[in-house]
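Data first, discussion second: the structure below is written as structure tokens.
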Amino acid sequence: MTVVQKIKTNAAKRKITILGSTGSVGQQTIDLIARSPDAYEMVALTANKNVALLVEQAKLLKPAMAVVADESQYASLKDALAGTGIQAAAGAKAVEEAAQADSDWVMSAIVGAAGLPGTLAAARRGATITFANKETLVCAGPLMMKLVAEAGATLLPVDSEHNAIYQVFDFNNPEGIARLILTASGGPFRTTSREDMAKMTAEQAVKHPVWSMGAKISIDSATLMNKALEVIEAHFLFQMPPEQIDVLVHPQSVIHSMVEYRDGSVLAQMGSPDMRTPIGYCLAWPQRMETPVPRLELAKIGSLTFENPDPVKFPALRFAQEAMKKGGTAPAMLSAANEVAVQAFLDKRIGFLDIERINESVLNGSNAAPLTDLEVLREADEAARAQAEELIGK
Ligand code: NDP
0 MTVVQKIKTN AAKRKITILG STGSVGQQTI DLIARSPDAY EMVALTANKN VALLVEQAKL
60 LKPAMAVVAD ESQYASLKDA LAGTGIQAAA GAKAVEEAAQ ADSDWVMSAI VGAAGLPGTL
120 AAARRGATIT FANKETLVCA GPLMMKLVAE AGATLLPVDS EHNAIYQVFD FNNPEGIARL
180 ILTASGGPFR TTSREDMAKM TAEQAVKHPV WSMGAKISID SATLMNKALE VIEAHFLFQM
240 PPEQIDVLVH PQSVIHSMVE YRDGSVLAQM GSPDMRTPIG YCLAWPQRME TPVPRLELAK
300 IGSLTFENPD PVKFPALRFA QEAMKKGGTA PAMLSAANEV AVQAFLDKRI GFLDIERINE
360 SVLNGSNAAP LTDLEVLREA DEAARAQAEE LIGK
């Protein structure tokens, strides 16, 4: 499989680019790097518009360049970096160029479809890509996997579930695998009634019981759309048919996911719920590194519990199955509609349950086109966003 390949570096120091360095995953990556800065050479850091944090990170780690996607922030970035020798740049194109710059290891941690161009650019030049940005595989899975194979790039999943599966997946004998079991915390509304869910505010929905994450993925966890996107991600990444991917609710988030083999063996990866474990795994891969993650103390936790997801309360998992069945651009349209709906919910323009209503309407209300190239993908993405906006307006 293309995902298992040797990291391409002869350098003593691993050359690093972080796309989305100011986000939750980006900051946790920097937390690890800053603990042993001599082991790394920083090539580029990118943000959307958080210049203050980007500048702080750049002064700490001294990358060759720092980039903001929002062009209106260019002057303040340039001024703040004056005299540091760090090149400042702005615009979506500059973010893509940062991904093209010569680094061994690229952390893809931009949120949403905005992460696609950079991730694809890094894949094209055969880099090792640690991807948090699940939307790339959800939207462009077959195109991305083809590109990775052709360019000899390496994909390392940072999503804790996929990272767990990656650690226990027998790539030499994938035919021995019966199914992947993705665990899910169940989110903040696991025990909330549908009636109460309808009244939930963005502030309540964003409060994840276990993980501390960016706003979009936190809302996705509350609707279980995050798990739906992860099922699609796993389908493309591990090349497993949808019917061999199950979801199991495990509120303690200690078992990060499992692989069941044909002989009945189930291999799981466990750890404290802290993203610095999967990030550290990818940063050191194929070696292992020390992390400050609290050690797992199972006796203190006492018991681990499991339940099946409730398909009536959380229809998102069904959307994932339908999108994979439709194929082509359907997963991208579902993901685009969801991005728009989540933003509208965060902006208080719609209620919590409207997110699923919009996602389902966009998924069912349009035909999926075969995913032949990026232009088809762009058109599908635009159409889904327009349709979602129209539904929000209503
Ligand atoms: P955040 O919202 O915390 O951070 C997003 C990052 O992307 C920020 O650096 C932000 O910049 C940047 N960004 C946002 N929009 C754009 C844009 N249009 N162009 C360029 N850069 C942009 O997200 P998370 O770190 O939570 O998540 C990032 C990705 O990782 C998502 O795909 C998520 O699903 C995935 N993920 C996250 C996990 C987590 O624990 N947080 C766990 C597993 C996966 P700025 O700060 O300037 O806005």
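When we follow numbering that gives the first Met the number 0, the leftmost residue of the sequence shown carries the number 0, and every step to the right adds one. Just so it is clear, CB atoms sit at the ideal spot from N, CA and C, and this is done for glycine as well.
Item: Where the beta strand (DSSP E) containing F130 begins and where it ends; Value: T127 to F130
Item: Beta-ladder partner(s) of P156, from DSSP; Value: F130
Item: L376 burial status per 10 Å Cβ neighbour count (16 or more: buried); Value: buried
Item: S252 beta carbon less than 7 Å from that of S184; Value: yes
Item: Alpha helix (DSSP H) segment containing K92, residue limits; Value: A91 to Q99
Item: Ordered list of beta strand (DSSP E) runs contained in the stretch 246-304, each at least 3 residues; Value: 254-260 and 265-269
Item: Any non-hydrogen atom of the ligand NDP closer than 6 Å to N47 Cβ; Value: yes
Item: Span separating the alpha-carbon of L266 from that of E259; Value: 6 Å
Item: The ligand NDP heavy atom lying under 6 Å from the CB of A68; Value: yes
Item: Close-in-space but distant-in-sequence residues of the same chain around A93 (CB under 7 Å, 5 per side omitted); Value: V66
Item: Touch test, the stretch 114-124 against the stretch 93-106, Cβ-Cβ under 8 Å, three pairs minimum; Value: yes
Item: Three-state class that DSSP yields for V230 in the structure shown; Value: helix
Item: Same chain only: Cβ atoms within 8 Å of V209, ignoring 5 sequence neighbours per side; Value: S184, P250, Q251, S252 and P272
Item: Proximity winner among K325, Q386 and D78, relative to N366 (alpha-carbon distances); Value: K325
Item: Cβ contact check for the stretch 303-310 and the stretch 231-251: 3 or more pairs under 8 Å; Value: yes
Item: Own chain partners of P141 with C-beta closer than 8 Å, once the 5 adjacent residues on each side are dropped; Value: F235 and L370
Item: Residue range of the unbroken alpha helix (DSSP H) whose run includes K58; Value: V50 to L60
Item: Cβ separation of A315 and A379, assumed to be a contact under 8 Å, to the nearest whole Å; Value: A315 to A379, Cβ: 19 Å. No contact.
Item: Cα-Cα separation, A283 to L390; Value: 45 Å
Item: Three CB pairs or more closer than 8 Å across the stretch 191-209 and the stretch 276-295; Value: no
Item: For Q238, the three-state DSSP class (helix, strand or coil); Value: coil
Item: S107 (DSSP reduced to helix, strand or coil); Value: strand
Item: G22: CB within 6 Å of a non-hydrogen atom of the ligand NDP; Value: yes
Item: Own chain partners of I109 with C-beta closer than 7 Å, once the 5 adjacent residues on each side are dropped; Value: L18, G19, G117 and N132
Item: Unbroken stretches of the alpha helix (DSSP H), 4 residues or longer, contained in the stretch 163-196; Value: 193-196
Item: Sufficient close CB pairs (3 or more, under 8 Å) joining the stretch 199-208 to the stretch 216-227; Value: yes
Item: Cβ-based burial, E149 [other Cβ within 10 Å; buried from 16]; Value: exposed
Item: Contacts around A329, its chain only, beta-carbon distance under 6 Å, and the 5 residues preceding and following it disregarded; Value: A322 and A367
Item: Local Cβ density within 10 Å of R275, reported as buried at 16 or more and exposed below that; Value: buried
Item: Heavy atom of the ligand NDP within 6 Å of E392 beta-carbon; Value: Sequence check: residue 392 is Gly here, not Glu. Outside the cutoff, so no.
Item: Short Cβ contact (7 Å threshold) for V50 with L80; Value: no
Item: M288 beta carbon less than 7 Å from that of S23; Value: no
Item: Cβ-Cβ distance between T398 and L155 below 7 Å; Value: This structure leaves residue 398 out entirely; the chain is present only between 0 and 393.
Item: Local conformation of V361 per DSSP, three classes; Value: helix
Item: M274: CB within 6 Å of a non-hydrogen atom of the ligand ZN; Value: For the structure depicted, the ligand ZN is absent and the ligand set comprises only the ligand NDP.
Item: beta-carbon G140 near the ligand NDP non-hydrogen atom, thresh 6 Å; Value: no
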